[in-house]
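All remarks here apply to the structure that follows.
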Amino acid sequence: LMKMGRDLISPTITQLKNDLKSGLKLGLEDFWRKIEEKGTPLIESIENDESHKLVTFIVKADNDTRNVVIITALANQDDVISENVCEKIENTNIFYKSFKVLNGTLTIYTISKNNSLRFTRFYENIMINAKTLSPDPFNPKRFVQRYRREGRHFKIEYSVLEMPNGKTRSWSVLNESVPAGDLKQEDFYSNILKMTRRIWIYTPPNYNTNRERYHFLVIFDGKAFLDFTQPPIIFDNLIDKKKIPPVVAIFIHNYAGFQRGKDLNCYPLFADFVAKELLPWAQEKYYITSEANKSVLVGSSSGGLGAAFIGYKYPEIFGKVLAQSGFFGWTPGNPWFQQVLKFYGKYFVRWWTPDDEQIKENWLTEQYLKTEKLSLKFYINVGNLETRTKLQVGYFRDMLKKKGYEFYFTEYAGGHEYIAWRAHLPFGLIYLIGI
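Laid out in structure tokens, this is it:
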């Protein structure tokens, strides 16, 4: 677990405090000049610790700044933000916060001045304080993410913390010399779901029918995945370097909020839509495989749960599952899910039993445990900053081991964030369908 730096003090901050105490008037001006030159956060060595660095966020206060919160997963992403509140250096305009951070960490953060300090849970705090958020002016690396909550749209510009010794992230970098695939958008009407779904279809460079049929990917949270993970660039680069064969991929838009919760939390009708409607349509329209071991379900968070559920229901169609930070703790008795049911009322097909609602956590993992081993291969991961999700994914991993599944598991240095999933998606694809 990544720990706070509360018992560790930044040498730079210590030096500044000493300068100010000794009456050096230039101390403060000199400090800000150095910050503008070097950038932030400060990354400093920790004595007798080769694995971590001390990361210190520095914020310049305005005249009306009462408090500063660093919105980051580095303390505890699943729970409270109380560990993210900055300390002020007396008689200065400096707020700072230090964390002990594992080398290789890739995560995002933003700065909240005059935070309400209400809703101490991480995401609730972001939503209620959206107008107070701004990226770090001394860090040029940015990552923009959009949120939708109760009908309201938020766009948050984050800063990126990229620690040394990380895995290569070049797969998601656009290279003009690499041939590019094609991306088309369509609206697909589902008789099973009784609604129209927006989908996007990626076809690789030099797509043609004078070859063996293409490997096939189905990717959930399609819009967000395309916006924040840049998979066409990743596919183009991997195909160009012959790390994976050429693929055709369909991205399904799962919208947000309750609709997404309905689709991806082990909903049989959504699984039927993918296997019985979307796939036959795709096989007719595109030159794709009908071999399960060349067909991959891809998702993150609830999308990872949905991928593992559809694999569980249709292993003869989809033989591979790539689930990043999968929401494997889900159960029909989950309080948030019960809210989804109230929202949808009679439109939601209740396919589970009262006994299922008694399972406190990890419903899908329990189903896998009760079932004969299926013909499935898995790539699963989770971030070391994902306190609860880490336990749930760990339980799913233990099940895979116990049942004798072929799988690869990694705990990456980061949080429950698209920036991490973007970095690790290429390695999942190479493991599952690599050449």
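Residue numbers (our numbering): 122 to 556. Just so you know, even glycine gets a beta-carbon here, dropped at the ideal spot from N, CA and C. Just so you know, these numbers come straight off a predicted model, no measurement behind them.
- In the same chain as residue 454, and ignoring 5 residues on each side of it, the C-beta atoms closer than 8 Å to its own belong to 477, 478, 479, 480, 481, in chain order.
- Collapsing the DSSP output to three states places residue 497 in coil.
- In the three-state reduction of the DSSP assignment, residue 259 falls in the coil class, being assigned neither a helical nor a strand state.
- Per DSSP, the continuous beta strand (DSSP E) segment holding residue 441 begins and ends at 441-445.
- With a cut-off of 8 Å on Cβ pairs, the region 297-304 is not in contact with the region 263-283, counting fewer than three such pairs.
- Sorting 220, 239, 253, 221 by C-alpha distance to the C-alpha of residue 231 places 253 at the top.
- One Cα belongs to residue 395, the other to residue 224, and the distance between them is close to 40 Å.
- By the neighbour-count criterion, in which a residue is buried when 16 or more other Cβ atoms sit within 10 angstroms of its Cβ, residue 350 is buried.
- The beta carbons of residue 300 and residue 384 sit no closer together than 8 Å.
- Using a 10 angstroms sphere on the CB of residue 315, the tally of other CB atoms stays under 16, which defines it as exposed.
- Assigned with DSSP and collapsed to three states, residue 248 falls in helix.
- Residue 433 and residue 485 do touch by the CB rule: their CB atoms are close to 7 Å apart, below 8 Å.
- Take the alpha-carbon of residue 327 and the one of residue 216: they are about 54 Å apart.
- Scanning its chain for C-beta atoms nearer than 8 Å, with the 5 sequence neighbours on each side dropped, one finds around residue 535 the residues 194, 226, 227, 228, 504, 505, 506, 541, 544, in chain order.
- Distance between residue 190 and residue 251, taken at the CA atoms: about 12 Å.
- In the three-state DSSP reduction, residue 351 falls in the coil class, being neither helix nor strand.
- Put simply, the region 331-342 touches the region 359-369. At least three CB pairs are less than 8 Å apart.
- For residue 206, there is no enclosing beta strand (DSSP E), as DSSP marks it with neither H nor E.
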